[in-house]
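Following: one structure in structure tokens, then a few remarks.
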Amino acid sequence: MSAELVLREPLGERLLWPADFPVSLGGTGAGVTLPAAPGPLAWLGLHDGQLFVQPAGEGGGVLHNGTPLAGSVWLRAGDVLDVGRGRLKLRLEDGRRVLEVVAGGADNATAPPEPDAAATIGGPGADEDERIEAIAFRARATTAQVPQPRMSWRRGAVLVALAVLAVVAAVLFTSVPVQVAIEPAPDRLSFEGGWPGLRFGSSHLLRPGSYQLVAEREGYATLRVPVEIDDGRNQSLAYALAPLPGRLEIVVPAEGVARIDGREAGKVPGVFELPAGSHTVVIDTERYLDFQAEVQVEGLGKLQKLVPQLTPAWAAVSITSEPAGAELRVGGEPRGRTPARIELMAGSHRVEITHPGYKPWVSDVQVQADVPLELGPVRLGLPDGRLAVTSSPSGAAVSVGGAYRGRTPLQIDVRPDIAQVVTVLREGYEPAQREVRLAPGARESVTLVLRPILGQVIVTATPADAQLYVDGTSRGVARQTIELPATAHVIEVRKPGYATHRVTVTPRPGLPQGVEVTLLESVARASMPPGQAGAPASSTATSAVDPAAVVALAPTLRSPAGQDLRLVPAGEFTMGSPRREAGRRANEAQRAVKLERRFYLALREVTNNEYRQFRASHRSGFVLQQTLDLDRQPVVNVTWQDAAEYCNWLSAKEGLAPAYRSEGGRLVPVVPATNGYRLPTEAEWEWAARGSALRKYPWGDALPVPPGAGNFADVTAQPLVSQFLADFDDGYAATAPVGRFTPNALGIFDLGGNVAEWAHDLYTVQPATGAVAVDPVAGGTGTLRVIRGSSWRHAAVTELRLALRDYGDGKRDDLGFRIARYAQ
């Protein structure tokens with residue numbers, strides 16, 4: 026154990042041990058005697074091995090580094106104390122602390138001491154040290170001295186020790202114990218503003234008074250609190266240190282924004298102060314996918330580093346072409362010439378490759394983030410020839426090389442330098458063909474005359490002078506036999522004052538068909554007084570008139586979104602399929618159905634453009650590289666609920682009562698049904714698709730699928746489906762624009778093929794029954810809804826049949842819908 030301090034005085038050195046403290050500084054009676062008034066002016070103390078000085082009493086006459094001493098101050102090497110007219114300086118020599126009396130020591134010579142060149146006085150923060158100037162001294166006149174007895178130094182030391190003990194005893198007897206509990210335990214603890222007291226473990230011996238408690242620990246905020254100590258016993262103080270926040274440094278390769286715990290925290294790269302604990306960090310940067318991580322911050326002022334491995338939001342795309350040197354454009358912007366390696370952000374991009382003298386190549390390319398993609402070599406073909414196809418009559422389906430291309434009149438591009446057969450088909454007419462061969466870039470036209478396949482229709486009507494109209498064209502008096510092409514025709518019998526009778530007839534070659542019509546009198550005519558011009562004879566004035574027979578309804582109407590709907594007549598038919606039908610499913614039980622309430626049905630499926638008028642954010646998506654999202658393609662990837670919401674939106678725009686209401690957070694059909702827009706019931710859909718003839722397939726009753734019949738899983742869909750029609754090419758690998766193929770007898774498109782369609786009904790399995798169901802709608806609780814019709818994914822006999830029943834509750838890339846509504 027070594028001494029804590031060496032006290033160097035004019036009479037010599039002495040060692041001060043821990044037990045010697047505190048040591049008083051001042052005049053006569055002080056532990057260190059200096060020229061000053063009697064008694065101590067300051068106390069030199071020791072706490073945890075550190076020296077400190079504090080004033081005794083009011084503290085007058087004591088300077089610390091030139092500054093008046095007002096409270097306890099830690100002492101460091103080089104500090105200067107001015108006590109009374111004496112001066113002390115703390116030095117560090119060979120690892121020992123030395124407190125030297127450099128001026129004014131007791132028993133010192135009468136001449137002032139020579140100033141130490143190194144002893145300077147400087148207050149805290151002083152820019153320059155202040156030198157100690159020599160004090161002007163003038164010798165006193167010599168007078169006769171009376172000899173005084175001189176005290177020995179040992180006796181003086183004993184007196185000083187007794188004085189110190191007396192002071193210490195006084196302090197101890199006037200101090201009180203105080204228990205201090207701080208969590209976690211501080212590295213440094215002190216009481217400022219008075220005598221620092223004595224510490225015994227967690228207990229401190231303090232004199233009553235006002236103090237400032239100071240507690241410090243690394244990683245925690247410094248605790249500074251004022252405390253009042255009275256003269257009571259068993260006093261205690263308890264505090265908790267607040268941990269400092271941690272610092273999180275985020276290092277990223279590109280500038281961005283950090284969101285921490287759901288709030289924007291600032292730009293990255295950067296350093297963020299966070300409280301200790303778990304935090305959710307999301308980093309959003311340009312050209313990279315968003316990064317998210319849970320970070321455990323230690324706190325206590327520690328610096329942690331987060332270096333996320335960001336995934337690029339782009340991919341390298343290599344594009345080659347034959348021939349090379351073709352101009353490359355992406356989204357209409359030039360991107361160089363082939364071969365090229367470019368970076369594209371994730372998503373869909375329209376890529377165009379053009380070369381003079383060759384056919385342009387255009388495709389929608391789907392890019393996945395951080396997944397390299399190679400396109401090519403793209404073989405640019407010779408420019409197509411341009412072929413104009415017309416027919417007589419027009420409206421015939423055109424196929425080139427077996428692939429359906431549209432309806433006449435039509436202009437199409439055809440591959441050059443290849444002989445191809447152009448076939449023109451129209452129901453009720455014999456097919457016509459012509460072989461063509463076009464040079465690259467050439468323009469030609471071809472006209473084909475179709476020979477009708479005729480059937481007889483025998484019309485009889487009452488009254489006899491009623492007029493006959495066929496497909497809206499007057500054909501004279503109704504009582505006649507006419508020959509018509511073997512396709513569906515609308516026969517109307519009209520007479521003023523009578524309700525018009527309308528019926529659809531399909532003539533059959535060699536099988537004459539009869540139409541017998543008795544017109545019913547209109548309400549206005551039946552209510553005229555007998556004898557008035559135009560009134561019926563008195564014998565029929567009271568005859569019953571069926572009001573439903575005289576209500577004139579428009580044959581078509583248009584929705585607020587621009588969709589055309591066709592009036593479908595009432596009728597009776599057998600729904601389902603016979604047990605022995607090839608491909609039949611068990612849920613296709615037959616039952617008799619009567620539709621009494623006439624309804625309108627959309628001619629085409631709802632398109633992406635029509636649906637986005639309601640929900641602009643919808644995207645139908647892609648299948649591999651095939652887009653499903655063009656404006657004229659049918660909307661897909663929609664649920665039954667999405668379709669019902671769309672129907673209610675249409676009803677609201679037209680001021681109609683909605684067909685669906687909310688129940689338990691889901692839409693359900695309104696009962697009884699309104700005249701608002703809705704999905705067709707299952708019975709309505711099958712009646713419109715199959716008709717009274719109960720067609721097996723959309724095109725007829727037998728395979729194979731003829732050209733232009735619809736959009737099914739053909740050879741172009743082979744990469745997308747597991748089963749396909751190897752000898753059929755409809756020209757579309759996935760969905761086709763609506764209305765591109767031959768409609769049925771009612772003029773309705775795509776009831777088979779393109780996309781399957783949601784129906785209004787809840788899915789149930791009905792047993793076979795002989796009872797007639799009138800306007801049936803399956804309702805009840807449940808989420809599965811009926812799906813009718815085949816799609817571009819279907820090629821099997823089971824799926825191609827119009828009696829096919831399916832069900833679901835989710836989204837599919839081959840499932841859409843069409844709209845319907847009741848006529849009254």
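Under this note's numbering, read the sequence shown as residues 26 to 849, first letter to last. Positions of the beta carbon are idealized from the N, C-alpha and C atoms, including for glycine. Computed from a predicted model, the values in this text were never measured in an experiment.
Taking a contact to require three or more Cβ pairs closer than 8 Å, the segment 408 to 419 and the segment 459 to 476 qualify as touching. Residue burial annotation: residue 629 is buried, with at least 16 other C-beta atoms found within 10 angstroms of its C-beta. At the C-beta level, residue 342 and residue 368 come within 9 Å of one another.
Runs of alpha helix (DSSP H) with 4 or more residues, each lying fully within the segment 698 to 784, are found at 707 to 715, listed in chain order. When DSSP states are grouped into helix, strand and coil, residue 119 belongs to the coil group. The distance from the Cβ of residue 739 to that of residue 755 is about 5 Å, consistent with a contact at the 8 Å cut-off. In this chain, the alpha helix (DSSP H) harbouring residue 678 covers 665 to 679. Taking the Cα of residue 806 as reference, the smallest distance to any Cα among 795, 820, 818 and 788 is reached at 788. Minimum Cα-Cα distance from residue 450 among the listed residues 371, 495, 430 and 439 corresponds to 430. DSSP, reduced to helix, strand and coil, places residue 199 within a helical segment of the structure shown. Three or more beta-carbon pairs separated by less than 8 Å are not found between the segment 631 to 641 and the segment 740 to 754, which leaves the two stretches without contact. Sorting 697, 694 and 381 by C-alpha distance to the C-alpha of residue 353 places 381 at the top. Put simply, the backbone Cα of residue 37 is about 12 Å away from that of residue 123. Annotation for residue 586: 635, 638 and 675 place their beta carbon closer than 7 Å to its own, counting only its chain and skipping 5 residues before and after. If the five residues before and after residue 332 are omitted, its C-beta is found closer than 7 Å to the C-beta atoms of 276, all from its own chain and listed in chain order. Of all alpha-carbon atoms in 203, 302 and 294, the one lying nearest the alpha-carbon of residue 260 is that of 203.
As a beta-bridge residue in DSSP terms, residue 309 pairs with 282. With a beta-carbon spacing of about 5 Å, residue 620 and residue 595 fall inside the 8 Å limit used to define contacts.
Contact check for residue 29 against residue 57 fails: the beta carbons are separated by 9 Å or more.
Residue 338 is positioned such that its CB atom lies no closer than 9 Å to that of residue 263. Counted as a single uninterrupted DSSP element, the alpha helix (DSSP H) harbouring residue 636 occupies residues 633 to 637. One thing to note: residue 829 has its Cβ within 9 Å of the Cβ of residue 813. By the neighbour-count definition (other C-beta atoms within 10 Å, threshold 16), residue 225 is an exposed residue. Under the DSSP assignment, residue 825 falls in the alpha helix (DSSP H) whose first and last residues are 822 to 825.
Under the three-state reduction of DSSP, residue 276 is assigned to coil, being neither helix nor strand. Between the alpha carbons of residue 603 and residue 794 lies a distance of about 13 Å. Straight-line spacing of the CA atoms in residue 833 and residue 525 works out to 43 Å. When only Cα atoms are considered, residue 616 and residue 624 end up about 21 Å apart.
Residue pairing for residue 128: DSSP places it in a beta bridge opposite 112. Selection 609, 513 and 385 evaluated against residue 347 yields 385 as nearest (Cα-Cα). Around the beta carbon of residue 178, fewer than 16 other beta carbons lie within 10 angstroms, which makes this residue exposed. In this structure the segment 729 to 739 touches the segment 816 to 827; the number of beta carbon pairs closer than 8 Å is three or more. Under a 10 Å Cβ-count criterion, residue 501 is classified as exposed, with fewer than 16 other Cβ atoms of the shown protein chains found around its own Cβ. Taking C-beta atoms as the reference points, residue 515 and residue 540 fail to come closer than 9 Å. Fully contained in the segment 420 to 490 are the following beta strand (DSSP E) runs of length 3 or more, in chain order: 422 to 425, 428 to 432, 435 to 439, 445 to 450, 457 to 461, 468 to 474 and 479 to 487.
Note that the segment 685 to 693 does not touch the segment 762 to 781; fewer than 3 beta-carbon pairs, one per stretch, sit closer than 8 Å.
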